[in-house]
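A.B. asks:
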Amino acid sequence: MTISFGNPDRPNSYIGKTVPRPNAPRLVQGRGKYVDDIVLPRMAHVVFVRSPHAHAKIGAIDTAEAAAVKGVLRIFTGADIAEVCTPWVAVLAHLKGLKSPPQHALAVDRACWVGDPVVAVVATSRAAAEEAAALVEVDYDPLPAVTDMMSALDADTPVLHPDMGDNLAFRRLHEEGDVEAAFASAHKVVEARFKTARHTGVTLEPRSILVDWNPAEGQMTAWHATQAPHMMQTVFAKHLDLPEGRVRVICDDVGGSYGIKVHVYPDEVATAAIAKIMARPIKFVADRLESFTTDIHARDHEIGARIAVDETGKILAMDIDDWTAIGAYSVYPRTSAIEGNQVVNLCGGPYDFAHYRAQTSVVFQNKTPTCQYRAVGHPIAVAVTEGLVDMAAAELGMDPVEIRRRNMYADDAYPVTSPAKMRFEGLSHHASMDKLMALMDYEGLRAEQAELRKKGIHRGIGIASFIELTNPSPFMYGIGGARISAQDGCTVRMDPDGSIVALSGVTEQGQGTEAMLAQIVAEGVGVAPARVRVITGDTQVTPYGGGTWASRGAGIGGEAALQSALALKGSILEVAGAMLQAPADALDIRDGQVVDTATGEARMPLEELGRIVYFRGDTLPKGLPRELVQTRHFITSDYPFAFTNGVQASYLEVDTGTGEVKLLKHWCVEDCGRIINPQLVDEQIRGGIVQGLGGALFEEIHYDEDGQLLNGSMADYLVPMAAEMPDMVIGHVETPTMESTLGAKGAGEAGTAGAPAAVMNAINDALRPLGAQVTAMPFTPERILRAMGQIED
Amino acid sequence: MKALAGGYARARDVTHALDLLAQADGMGRVLAGGQSLIAAMNMRLSTGDMLVDISRIADLRGVAVEDGCLRIGALTRHADIGTDPLVATHAPLLVQAVHHIAHAAIRNRGTIGGSLAHADPAAEFPACVLALGGTIHLQGPEGVRQVAAEDFFVDVFETAIEEGEILTAITLPLLEAGERHVLIETARRSGDYALAGLCVVKRAAGHRVTAFSVGPRPVLAMAAMELLDAGDTAGAVDALRAEIDPPSDTQASAAYRRHLAGVLLTRALHDLTGETA
Amino acid sequence: MTEAFRDRIDIALTVNGEAVEGRVPAGRHLIDFLRLDLGLTGSHASCEHGVCGACTIHVDGQAVRGCLMLAAQADGAEVWTLEGLTETGVIRDLQDAFVERNALQCGYCTPGMLASIKELLDMGGVPDRATIREHLSGNYCRCTGYEAIIDAVESVAKVRAGEAAA
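Residue numbers (the working numbering), protein chains in the order written: chain Y, 28 to 820; chain X, 34 to 310; chain W, -4 to 161.
Structure representation (structure tokens):
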């Protein structure tokens, strides 16, 4: 069975249509069910005593005064938890040389960052636990803290983990062609240093977990705000010595994640360990202040980069020296080396050139651990690439769009392999650029910019082309030994009343997974989406899957859903054929009715077929297969990643008196292959863009030299709010992937990948006539005025 | 985090409030709008406070013209100051300030008395009251007293309020003919604390300029004021930069704040005279 | 502590049109009272320092930060949470617009967002987009990037104004 996606008038055409989300009504009515909304009998609360030092030996722990606080039930030290919970090491075999020491759920012997959990206090209320936690006395013996990225590998810098030998967690050098020769022969070489700031996700729902251990059943149940319930099932089972089949992880509503909630956190594992010890439900919800020091951070990079071009603007070579400061441990199980690795993989992405060298040096710091956060590595790689390309254009007196046109892979060049050895099946850089130019009226904006410049108003237009990695195969994690599933599965069944239930291994955190799956299954089977009930986020119920990450939900989870739905249709029609005395292939299902394919004449409603199968099986031929349930699993096999492409533009105004930047408008043309729900895709892109805009203008974690996090509150870490954000125009090109029937690639991260680069290029476009340039994010008013030479210290 | 309060009592009137404070043995904290205090308690910056809730005392609310002054009760909410016709007439500076204070939900609860007593260096109202040359009215166990705005703001979160006293009202001069007010600030995002801000009041007797977010308390920029009165705008900008000592923090350096204050003064003066840049 | 100060305070108030009573710790904020004592989990707290806006609810006819109000202070008050607003249907058009425009993704900011928007829409008229953005400048959303929310508010305001004019 094939679907003619190109025909919007085909029957049951839900794929490609905007359909409201089935789970949205309960959220607008205040009937969401987030982990903190769940109350269980005898539930207790855990609060963590965390290290106030960036690096310290943990000595004696005195809990006597704390234990006397009313409501306190138990207090656990690292040694207590280590008796039931094994430590983990976050390395992957294919990231050669990556090293990291074992990390415990509660620190034992040594605390390695401000926020490292040291003691757990369990009480009947969060308030009582906090009161007691304030009375726990830990004898810390401070150690030297490593807090500077560029000197982390100097001879006289202390080694954070002496057993590791040095502070280099991972280094990878990739070389292609003859970079030095290319630079030597170039017409122009442009060199720059870039800096992206350390970010944190600030999910509005903080990290939350509720774990219950029932010793009578030998069953652990965790309600967990996570993106990857099956992975967590594995982790709890492994480290708490339980059979995987006895650990159930459930995700109800999750209040935002963006990658933050796909990692293993020591305090969450400690919560599970405590539940196992105490045999009662234990709830942990991080509060906002502790979220700043304990949610994973990301994107702390300094990059020296250069580009070589010939006199026609053709890129000859790129040379990238990336440094990134992670935290005290590589984060489990996806590791903290992936982001730097992506920078090496992704720089130069859209462009056809031969000579490429890129190295990432990933260094430990006594700071909050870092790991994958929306668009992993892309914001950095795109900013560096697109920044250099713009600078080269300026050197040559060439329009920034023109230089890109001369270098982007031709739309008919595919498949190609980039100099970073990334394989692209089919991208549309030129078609996307054409569409962007039309959408934004590029010439019109340039004319407006020129007019306003005469009046001393400084507006900038910035362009950023990019590639984006989605639909990962086991080449991302699995080959490294991690039990992170790149395949996914879906079970679809028809119940007696003709309604459809779909169980899927991908998960929802607000992006619209349920809607997407409902639409696909609806079209695959032949019913309205409202007749499809989607169940995700329960390891006891759904097929084994990977959850949501790297924008795989639609491409991989959606494909499994489509295949299983089509298979279910086949099963239903086999029964229908027997009932109607017709060949199964002469029948179809449309709008919940079995119909004659040729005429469309309705022959039987599905609920009638259901009644017969489930209650009057005596009327069906003996030996007829009557399982109205089908499961399919899908994995990509031809390409390690389904790359997408896009191009963004930013139009802004720089106040050269105060340095403030006003974002006037933003555009993104994105090619994510087959679009399942246009509105949801556009909204993912908008949300992603704004996260990128936050990084460009506002967000920056500050540490002092002692490793103290200085701006850990909502007043001091600046996230984008409504008044400063622009309207965003979104357009699409669709180049489906051939890997699947559905042809969908991912779309969730593209906005974040390109937005910072577009803003940087726009600011520099505005400042270029004034002789100023900025390359260190976020582009605060002060950084802009300093670049202009306006500030006297 | 969860606040740990020592206790709570609701005051019927000012006398009762003073009595409660006296009983609290130094742990008493006046609770009005709560927008600063409860945030501090939730962050455990303050624990064990004996809260004296004065928010129901009707006498402390309201705006009136009395004895040739504009009198604003301490419990008058920011939102109400923003819409009050008497404030709009006599102290438009305060109306301008309200637009910059946090967000609507905060303005619905926050009070001017609370803002002045809290004395956050980045707050607008203290700088406004100083620019307008207002008087702060206090009541304590010893009785009532008035403190001029110039003498009221002592340091970061520190005012002339003695232990056991409550701020009950402020009085401001009525608007003169030809008087102009401008408040200008630069904040990273709408409602954020200013990186730097200025209040400029122009009366027949001369200019009054205060700067906020540029030091531990609002600064009455006397040197700049003098030069403005003499008509030397450029000199006033330099003088303003010289007479403030702004802090450096994760948002901005002292040097940037100093530069910004000068830029804002130039823009404020344009607004004052109705000219465009 | 003297007798005048209590560490547990008796309160009686109306929540979503229903008379309720409680005995609350002095430091418990109104959101925790609603969630823990009344099981009204439709109100959320996220930062507990009044900045993110997730906790915005209606008290005595105004949008307030529930995390910056002590439950003790709510004695005698009239409180409306999203559950109550849903039951009375007063923002049904806004909720429908939210679903249609997908002005929510994870839904965590939504209760506070709707409470803030209700106050804006109750002022009447059709606010321009800049005004809507400004009014919502204290409600953090990480998922949507805000544009869909602004669209939904604008569309509802226009319909209501059209009906008012009719």
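Glycine included, each C-beta is placed from N, C-alpha and C at the ideal position.
1. Can you tell me whether T283/X is helix, strand or coil according to DSSP?
2. Measuring CB to CB, does V116/Y end up less than 9 Å from R234/Y?
3. Cβ of L77/W less than 9 Å from any chain Y Cβ?
4. Judging by CA-CA distance, which residue of A344/Y, L237/Y, H257/Y and A243/Y is the nearest neighbour of H251/Y?
5. When the Cα atoms are used, what is the spatial distance from H257/Y to I277/Y?
6. Would you kindly report the start and end of the unbroken alpha helix (DSSP H) that includes N791/Y?
7. State the DSSP-derived secondary structure class of M118/W, mapped to helix, strand or coil.
8. Determine which residues share a DSSP beta bridge with F221/Y and list them.
9. Output needed for P763/Y: all residues of its chain with C-beta closer than 6 Å, excluding positions within five of it in sequence on either side, in chain order.
10. How about the stretch 776 to 790 of chain Y and the stretch 668 to 684 of chain Y: do they share at least three Cβ pairs that are nearer than 8 Å?
11. Give the residues of chain X in contact with C59/W, contact being defined as C-beta atoms less than 7 Å apart.
12. Buried or exposed, going by whether 16 or more other CB atoms sit within 10 Å of the CB of S88/X?
13. Return the first residue and the last residue of the alpha helix (DSSP H) that S598/Y is part of.
14. Could you tell me whether any Cβ in chain Y is nearer than 9 Å to the Cβ of Y41/X?
15. Using a Cβ-Cβ cut-off of 9 Å, state whether R153/Y counts as contacting chain X.
16. Looking at chain Y, which residues of the stretch 5 to 27 of chain W have a Cβ within less than 8 Å of any of its Cβ atoms?
17. Show which residues of chain Y have a CB atom less than 8 Å away from the CB atom of V94/W.
18. Quick check: the stretch 83 to 98 of chain Y against the stretch 335 to 350 of chain Y, are at least 3 beta-carbon pairs closer than 8 Å?
19. For M255/X, count neighbouring C-beta atoms within 10 Å of its own C-beta (all shown protein chains included) and say buried if the count is 16 or more, exposed if not.
20. What are the start and end residues of each continuous beta strand (DSSP E) run of 3 or more residues lying completely inside the stretch 86 to 157 of chain X, in chain order?
21. With three or more C-beta pairs closer than 8 Å as the rule, is the stretch 48 to 68 of chain Y touching the stretch 118 to 131 of chain Y?
22. Using DSSP with H/G/I as helix, E/B as strand and the rest coil, what is F670/Y?
23. Give a yes or no on whether the C-beta atoms belonging to V411/Y and I347/Y are separated by under 9 Å.
24. List in chain order: all unbroken beta strand (DSSP E) runs of 3+ residues lying wholly within the stretch 213 to 279 of chain X.
25. Would you check if the stretch 707 to 719 of chain Y and the stretch 522 to 536 of chain Y touch, i.e. whether three or more CB-CB distances between them fall below 8 Å?
26. If contact means a Cβ-Cβ distance below 9 Å, which residues of the stretch 206 to 230 of chain X contact chain Y?
27. Going along chain A, which residues have a C-beta under 8 Å from Q68/W?
28. State yes or no: is the beta carbon of H133/X nearer than 9 Å to at least one beta carbon in chain Y?
29. Between S591/Y and T518/Y, which are expected to be in contact by the criterion C-beta below 8 Å, what is the C-beta distance as a whole number of angstroms?
30. What residues are listed by DSSP as bridge partners for C42/W?
31. Please list the residues of the stretch 129 to 156 of chain W that have a C-beta atom closer than 9 Å to any C-beta atom in chain X, keeping them in chain order.
32. Helix, strand or coil for V141/Y? Go by DSSP, reduced to three states.
33. Helix, strand or coil: which one does DSSP assign to K641/Y?
34. Who are the Cβ neighbours of G95/X in its own chain at under 7 Å, not counting the five residues just before and after it?
35. Between the Cα of L400/Y and those of A385/Y, Q718/Y and R630/Y, spot the shortest distance and give me the residue it belongs to.
36. Within a Cβ cutoff of 6 Å, which residues of the same chain sit near I52/W, ignoring the five residues on either side of it in sequence?
C.D. replies: Answer, in terms of the structure:
1. Translated into positions along the second sequence, residue 283/X becomes position 250. T283/X: coil per DSSP, three-state reduction.
2. Numbered from 1 along the first sequence, position 89 holds the residue referred to as residue 116/Y. Numbered from 1 along the first sequence, position 207 holds the residue referred to as residue 234/Y. For the pair V116/Y and R234/Y, the CB atoms are not nearer than the 9 Å cut-off.
3. Here residue 77/W refers to the residue found at position 82 when the third sequence is read from its first residue. The Cβ of L77/W sits closer than 9 Å to at least one Cβ of chain Y.
4. On the first sequence, position 224 is the one that residue 251/Y refers to. For H251/Y, the closest of A344/Y, L237/Y, H257/Y and A243/Y by C-alpha to C-alpha distance is L237/Y.
5. In the first sequence, the residue the question calls residue 257/Y occupies position 230. In the first sequence, the residue the question calls residue 277/Y occupies position 250. Each residue's alpha carbon lies about 9 Å from the other.
6. Taking the first residue of the first sequence as 1, we reach residue 791/Y at position 764. Element bounds for N791/Y: A777 to L794.
7. Mapped onto the third sequence, residue 118/W falls at position 123. Here DSSP, grouped into helix, strand and coil, assigns M118/W to coil.
8. Here the question's residue 221/Y lines up with position 194 in the first sequence. Note: F221/Y sits in a beta bridge opposite I330/Y.
9. Numbered from its first residue, the first sequence carries residue 763/Y at position 736. Same-chain partners within the cutoff: G700, R701 and G770.
10. Proximity of the stretch 776 to 790 of chain Y to the stretch 668 to 684 of chain Y meets the contact definition, three or more beta-carbon pairs being nearer than 8 Å.
11. The count along the third sequence starts at 1 and reaches residue 59/W at position 64. This sequence places Val at residue 59/W; Cys is not what is there. For V59/W, the residues of chain X that pass the 7 Å Cβ criterion are A138, N141 and R142, in the order they occur in the chain.
12. Against the second sequence, residue 88/X aligns to sequence position 55. Buried, because 16 or more other Cβ atoms sit within 10 Å of the Cβ of S88/X.
13. Walking along the first sequence from the start, residue 598/Y turns up at place 571. From DSSP, the alpha helix (DSSP H) with S598/Y extends over G585 to L607.
14. Locating residue 41/X in the second sequence gives position 8, counting from the first residue. So no, Y41/X is outside the interface.
15. Position 126 of the first sequence, counted from the start, is the residue given in the question as residue 153/Y. Under the Cβ distance rule, R153/Y counts among the residues neighbouring chain X, one pair being separated by less than 9 Å.
16. Along the stretch 5 to 27 of chain W, going in chain order, the ones with a CB nearer than 8 Å to a CB of chain Y are P20, G22 and R23.
17. For the purposes of this step, residue 94/W is identified with residue 99 of the third sequence, where counting begins at 1. The contacting residues are P47, R48, A51, P52 and V55.
18. Contact between the stretch 335 to 350 of chain Y and the stretch 83 to 98 of chain Y is absent, because fewer than three Cβ pairs lie under 8 Å.
19. Along the second sequence, one-based indexing puts residue 255/X at 222. Residue burial is scored here from C-beta neighbours: M255/X has fewer than 16 other C-beta atoms within 10 angstroms and is therefore classed as exposed.
20. Scanning the stretch 86 to 157 of chain X for uninterrupted beta strand (DSSP E) segments of 3 residues or longer gives 96 to 99 and 102 to 106, listed from N- to C-terminal end.
21. Using a Cβ-Cβ distance cut-off of 8 Å, the stretch 118 to 131 of chain Y and the stretch 48 to 68 of chain Y are not in contact, since fewer than three pairs of beta carbons, one from each stretch, lie closer than that value.
22. Numbered from its first residue, the first sequence carries residue 670/Y at position 643. DSSP places F670/Y in strand when its eight states are reduced to three.
23. In the first sequence, counting from the first residue as 1, residue 411/Y sits at position 384. In the first sequence, counting from the first residue as 1, residue 347/Y sits at position 320. Yes, the Cβ-Cβ distance between V411/Y and I347/Y is below 9 Å.
24. List check, beta strand (DSSP E) in window: 213 to 220, 227 to 236 and 239 to 245.
25. The stretch 522 to 536 of chain Y makes no contact with the stretch 707 to 719 of chain Y, as fewer than three CB pairs between them are under 8 Å.
26. Listed by position, the residues of the stretch 206 to 230 of chain X near chain Y (Cβ gap below 9 Å) are T219, R221, R222, S223, G224, D225, Y226 and L228.
27. Chain labels in this structure do not include chain A; the protein chains are Y, X and W.
28. Counting from 1 along the second sequence, the entry for residue 133/X is found at position 100. The beta-carbon of H133/X is placed no less than 9 Å from the nearest beta-carbon of chain Y.
29. Numbered from 1 along the first sequence, position 564 holds the residue referred to as residue 591/Y. Numbered from 1 along the first sequence, position 491 holds the residue referred to as residue 518/Y. In this structure S591/Y is in contact with T518/Y, their Cβ atoms being roughly 6 Å apart against a cut-off of 8 Å.
30. Residue mapping note: residue 42/W aligns to position 47 of the third sequence, counting from 1. Beta-bridge pairing links C42/W to no other residue.
31. Of all residues in the stretch 129 to 156 of chain W, E129, H130, L131, S132, G133 and N134 have a Cβ within less than 9 Å of some Cβ in chain X.
32. Counting from 1 along the first sequence, the entry for residue 141/Y is found at position 114. DSSP places V141/Y in coil when its eight states are reduced to three.
33. For the purposes of this step, residue 641/Y is identified with residue 614 of the first sequence, where counting begins at 1. One detail in the question is off: residue 641/Y reads as Tyr in this sequence, not Lys. In the three-state reduction of the DSSP assignment, Y641/Y falls in the helix class, which pools H, G and I.
34. The residue labelled residue 95/X in the question sits at position 62 within the second sequence. If we look at G95/X and ignore the five residues flanking it on each side, its Cβ neighbours are G106 and T109.
35. Residue numbering aside, residue 400/Y sits at position 373 when the first sequence is read from its first letter. It should be pointed out that residue 400/Y corresponds to Tyr in this sequence rather than to Leu. Out of A385/Y, Q718/Y and R630/Y, Q718/Y has the C-alpha closest to the C-alpha of Y400/Y.
36. Within the third sequence, numbered from 1, the residue matching residue 52/W stands at position 57. S38, G61, T76 and A110.
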